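Accompanying notes for the structure given below.
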């Protein structure tokens, strides 16, 4: 609950800053997406009492994307490639974890069906 309150506070402060400055950059939007994903993760935890592994991975992908956008003019191209490779690795990990969850649910259903017979 503390994480949700802190995230809502940070979101409100960021929106207030955007309204004051009257300028919205792409990095600001990515930050708001990160806040939304954190709130989604908290909501998912309270709904199912478990934390899906893919949500923090997606948050990390969004954070890396935001970092690339913020630093793209000041760093070497090789570092951008490294960061983009990190996003690709995280995307592959999220996909694998999604498949694992799907297979686990199918195994659970098979066990449930075999116990009912």
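In our numbering, the protein residues as written are 235 to 351. Each residue gets a CB set at the ideal place from its N, CA and C atoms; glycine is no exception. Since we're looking at a predicted model, the values are computed, not measured.
Legend entry - CA-to-CA distance, residue 325 to residue 343, given in whole angstroms: For residue 343 and residue 325, the gap between their C-alpha atoms comes out near 27 Å.
Inset, instruction - For residue 296, collect the residues of the same chain with a Cβ closer than 7 Å to its Cβ; drop the 5 residues on either side in sequence, then sort them by chain order. - result: 264, 267, 268 and 271
Legend entry - Where residue 285 sits in the DSSP three-state scheme: Correct three-state label for residue 285: coil.
Inset, instruction - Give a yes or no on contact between the stretch 283-301 and the stretch 315-324, applying the rule of three or more CB pairs nearer than 8 Å. - result: Using a Cβ-Cβ distance cut-off of 8 Å, the stretch 283-301 and the stretch 315-324 are in contact, since at least three pairs of beta carbons, one from each stretch, lie closer than that value.
Inset, instruction - Give a yes or no on contact between the stretch 284-295 and the stretch 325-337, applying the rule of three or more CB pairs nearer than 8 Å. - result: As far as the Cβ criterion goes, the stretch 284-295 touches the stretch 325-337, which means the pair count is three or higher.
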